[in-house]
Every structure is written in C-alpha cells, then in structure tokens.
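Trainee: Could you have a look at this structure, given as structure tokens, before my questions?
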Amino acid sequence: MNIDLSHFTPYGSFAGGVLIGIAAAILILFNGRIAGVSGILGQALNGGIVRDNLWRIAFVMGIIAAPALWQVWVGEIEISIETNVLWLIIAGLFVGVGTSYGSGCTSGHGICGLSRFSMRSLIATLSFMLTGIVTVYIMRHVLGA
Numbered sequence: 760m761n762i763d764l765s766h767f768t769p770y771g772s773f774a775g776g777v778l779i780g781i782a783a784a785i786l787i788l789f790n791g792r793i794a795g796v797s798g799i800l801g802q803a804l805n806g807g808i809v810r811d812n813l814w815r816i817a818f819v820m821g822i823i824a825a826p827a828l829w830q831v832w833v834g835e836i837e838i839s840i841e842t843n844v845l846w847l848i849i850a851g852l853f854v855g856v857g858t859s860y861g862s863g864c865t866s867g868h869g870i871c872g873l874s875r876f877s878m879r880s881l882i883a884t885l886s887f888m889l890t891g892i893v894t895v896y897i898m899r900h901v902l903g904a
C-alpha cells in the first residue's frame, strides 16, 4: 500500500471544518435556517428574486466566489480530476437523486442534522459514508478506474 502524505492537511482541514461549523451555527441562530446546500440552492433557483430568497442567493454566490477569492489572495488552486466526464455526469445524477430521496445533502444531514441529534440525519450520513466507501472500493479495486 502506497500512502501519499503530501495531501495530508490536518490544519487546513480543521480550520475549514471550524469555519463551516461557525457558518452553520450563525445561519441557524440568526436566520433559523439549516445550512443544507442542496435545499438552499434548489429554493434559490425556484424562488426568484424576492426578499425572503435574497439570503439564499447570497449564500450560493458566496460558495461560488470563495474559490475565486482564495485564488486571488493565495494563488493558483491545483485541481486534479482523474476520471472522464461520463463518470462525473453519472455521479452527479446519483448525488442529485440521492439528495432528493434522502431529503437533504451531506451538509444538511452531516453537519446540521447530526449537531441536532437527528436520527434521520445519522442514518442518512451513515448511508452517504458507506456508499462512498463501497463505490471507491469498486471503482479502484474491481473496475480499476
């Protein structure tokens, strides 16, 4: 087994997790809303530009703008995707269907739901994790993709 520690970034990962937790806490404390990205994005796209929808649009714009701002301040972001476009499309469709059937995404269930001790979110998060583990195993060790 070859372990590549050059991508092991515990401090940056910890800082990112803390920032996500703070953002989720601020959203629920001051807005009474769960930071579930799929729900926020879906409602932002379906709701038009009305007063109650402006925070959703700002939230989505922040998610899009953050990597661009990082690139301006810190420098080039190295992105490496080691699969073809067809697999990305298939994966995206599976994620979209799963988000719909699971009544939320990893951020809604995994961050906000677990912090509220939601049993539904615990089951959903365990399902996400198990599915991801099995998929990676099959893709890398069975199909060799």
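In the numbering used here, the protein residues as written are 760 to 904. Quick reminder that beta carbons are idealized off the backbone N, C-alpha and C, glycines included. Keep in mind the model is a prediction, meaning the values are calculated, not measured.
(1) Over the uninterrupted alpha helix (DSSP H) stretch that includes V901, give me the two end residues.
(2) Look up F767 in the DSSP assignment and say whether it is helix, strand or coil.
(3) Quick one: is R875 buried, meaning 16 or more other Cβ sit within 10 Å of its Cβ, or exposed?
(4) Which ranges would you report for the alpha helix (DSSP H) in the stretch 790-865 if only whole runs of at least 4 residues count?
(5) If L881 sits next to L873, beta carbons under 8 Å apart, how far is it from one beta carbon to the other, in whole angstroms?
(6) Please report the distance separating the alpha-carbon of T768 from that of V819.
(7) Can the beta-carbon of C871 be found less than 8 Å from the beta-carbon of A783?
(8) Please state the DSSP three-state secondary structure of I762.
(9) G867 and G795 look like a contact to me (Cβ under 8 Å); what is the Cβ gap, rounded to whole Å?
Mentor: Let me spell this out:
(1) Numbered from its first residue, the sequence shown carries residue 901 at position 142. Per DSSP, V901 belongs to no alpha helix (DSSP H) and is neither H nor E.
(2) Within the sequence shown, residue 767 is the residue found at index 8, counting from 1. Reduced to three states, the DSSP call for F767 is coil.
(3) For this step, residue 875 is matched to residue 116 along the sequence shown. So R875 ends up on the exposed side.
(4) 796-806, 813-832 and 844-860
(5) What you label residue 881 is simply residue 122 of the sequence shown in a count that begins at 1. What you label residue 873 is simply residue 114 of the sequence shown in a count that begins at 1. Yes, L881 and L873 are in contact; Cβ-Cβ is about 6 Å, under 8 Å.
(6) For the purposes of this step, residue 768 is taken as residue 9 along the sequence shown, with counting starting at 1. For the purposes of this step, residue 819 is taken as residue 60 along the sequence shown, with counting starting at 1. Rounded to the nearest angstrom, the two C-alpha atoms are 26 Å apart.
(7) In the sequence shown, residue 871 corresponds to position 112, counting from 1. In the sequence shown, residue 783 corresponds to position 24, counting from 1. In this structure, A783 lies closer than 8 Å to C871 by Cβ.
(8) As a working mapping, residue 762 is identified with position 3 in the sequence shown. Note: I762 maps to coil in three-state DSSP.
(9) Within the sequence shown, the letter at position 108 stands for residue 867. Within the sequence shown, the letter at position 36 stands for residue 795. G867 to G795, Cβ: 2 Å. Contact.
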